[in-house]
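Engineer: Quick mapping for you: the protein sequence lines, in order, are chains A and B.
The working numbering puts the first sequence at residues -19 to 92.
The working numbering puts the second sequence at residues -15 to 97.
The structure that follows is given in the form of structure tokens.
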Amino acid sequence: KAGVTQTPRYLIKTRGQQVTLSCSPISGHRSVSWYQQTPGQGLQFLFEYFSETQRNKGNFPGRFSGRQFSNSRSEMNVSTLELGDSALYLCASSLVPSTEAFFGQGTRLTVV
Amino acid sequence: AQRVTQPEKLLSVFKGAPVELKCNYSYSGSPELFWYVQYSRQRLQLLLRHISRESIKGFTADLNKGETSFHLKKPFAQEEDSAMYYCALSGGRGGGSQGNLIFGKGTKLSVKP
Chain A
-19 KAGVTQTPRY
-9 LIKTRGQQVT
1 LSCSPISGHR
11 SVSWYQQTPG
21 QGLQFLFEYF
31 SETQRNKGNF
41 PGRFSGRQFS
51 NSRSEMNVST
61 LELGDSALYL
71 CASSLVPSTE
81 AFFGQGTRLT
91 VV
Chain B
-15 AQRVTQPEKL
-5 LSVFKGAPVE
5 LKCNYSYSGS
15 PELFWYVQYS
25 RQRLQLLLRH
35 ISRESIKGFT
45 ADLNKGETSF
55 HLKKPFAQEE
65 DSAMYYCALS
75 GGRGGGSQGN
85 LIFGKGTKLS
95 VKP
């Protein structure tokens, strides 16, 4: 079966711009989570969605937002980009929240 | 505060030697702990979770609530075990959720021939 797909794989944006990242979960999975990975802070939880509802949110500013669609696909948006937002953004999906999470390959965002 | 600490950034051992990757956690309540692994150029994947008490690829981990630890062990390391290992704690509401994980910063295991 196809794994978690994240698009685009690489992205370069300028400070102040906004960006939207997409995540297609494994077919049948209804839970999607997002993480930010940086060399300094490691993997940090951003959001968790289940059946189009946000279940949990990490400690990130309001510039970071997300949503989940009825087909379980998810997007995250970062507005007013800052240099510090440069990171690898990982998406993970699972059947339901308590089951194994499968990770995508990530989107590498560079803010210049 | 909920926190996962992996004290070693890098652990280097020879093939056949025992391996122990340390993980300590801070959590108020009944935690659920996981080990994730990322092999070179591959995705992050679940290695094991404490509630299943399985042995995966020869690795085991026991939750010690008294010492708040969840160390990953393997008696005889293999070269193919070389990878980045992350300890993680299930946080947020909804017990057992793997959708809200608090990760340690990871330990890079290098197994030399």
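Just so you know, even glycine gets a beta-carbon here, dropped at the ideal spot from N, CA and C.
If you measure from the beta carbon of A:Phe41 to each beta carbon in chain B, is any gap under 9 Å?
Structural biologist: The question names Phe, yet the displayed sequence has Pro at residue 41 of chain A. Not one chain B Cβ lies under 9 Å of A:Pro41.
Engineer: Closer than 7 Å between beta carbons: that is the criterion. Which residues of the region 1 to 16 of chain B meet it against chain A?
Structural biologist: none
Engineer: List the endpoints of the continuous beta strand (DSSP E) containing A:Tyr(-10).
Structural biologist: Here the beta strand (DSSP E) through A:Tyr(-10) covers Tyr(-10) to Lys(-7).
Engineer: Out of A:Ser73, A:Pro77, A:Arg88 and A:Gly86, which has the shortest C-alpha to C-alpha gap to A:Pro5?
Structural biologist: A:Pro5 has its Cα closest to that of A:Ser73, out of A:Ser73, A:Pro77, A:Arg88 and A:Gly86.
Engineer: Helix, strand or coil: how does DSSP classify A:Leu61 here?
Structural biologist: coil
Engineer: Output the boundary residues of the beta strand (DSSP E) element that contains B:Cys71.
Structural biologist: Ala67 to Ser74
Engineer: Report back the beta-carbon spacing between A:Gly84 and A:Gly8 to the nearest angstrom; my notes put them in contact at under 8 Å.
Structural biologist: A:Gly84 to A:Gly8, Cβ: 16 Å. No contact.
Engineer: Should B:Ile86 be labelled buried (16 or more other beta-carbon atoms within 10 Å of its own) or exposed?
Structural biologist: With 16 or more other Cβ atoms from the protein chains shown falling within 10 Å of its own Cβ, B:Ile86 counts as buried.
Engineer: Count the other CB atoms within 10 Å of the CB of A:Ser54; is the residue buried (16 or more) or exposed (fewer)?
Structural biologist: buried
Engineer: For A:Tyr29, count neighbouring Cβ atoms within 10 angstroms of its own Cβ and tell me buried if that reaches 16, exposed if not.
Structural biologist: buried
Engineer: Can you list the residues of chain A that B:Leu32 reaches, using a CB-CB cut of under 8 Å?
Structural biologist: The contacting residues do not exist; B:Leu32 stays about 11 Å from chain A at best.
Engineer: What are the boundary residues of the beta strand (DSSP E) that includes B:Glu4?
Structural biologist: Val3 to Leu5
Engineer: Can you tell me which of B:Val(-12), B:Glu63 and B:Met68 puts its alpha carbon nearest to the alpha carbon of B:Gln29?
Structural biologist: B:Met68
Engineer: Please classify A:Asn39: is it buried, with 16 or more other beta-carbons within 10 angstroms of its beta-carbon, or exposed?
Structural biologist: exposed
Engineer: Whose Cβ in chain B lies nearer than 8 Å to the Cβ of A:Gly84?
Structural biologist: Arg27
Engineer: Per DSSP, B:Tyr23 forms a beta bridge with which residues?
Structural biologist: None, per the DSSP bridge assignment.
Engineer: What would DSSP say about B:Glu38, mapped onto helix, strand or coil?
Structural biologist: Coil, per DSSP.
Engineer: Bridge partners for A:Leu70 per DSSP, in chain order?
Structural biologist: A:Tyr15
Engineer: Output the boundary residues of the beta strand (DSSP E) element that contains B:Val95.
Structural biologist: Thr91 to Lys96
Engineer: Starting from B:Leu32, trace the beta strand (DSSP E) both ways and give me its first and last residue.
Structural biologist: Gln29 to Arg33
Engineer: So that I know if they touch, is there some Cβ in chain B lying closer than 9 Å to that of A:Asn57?
Structural biologist: no
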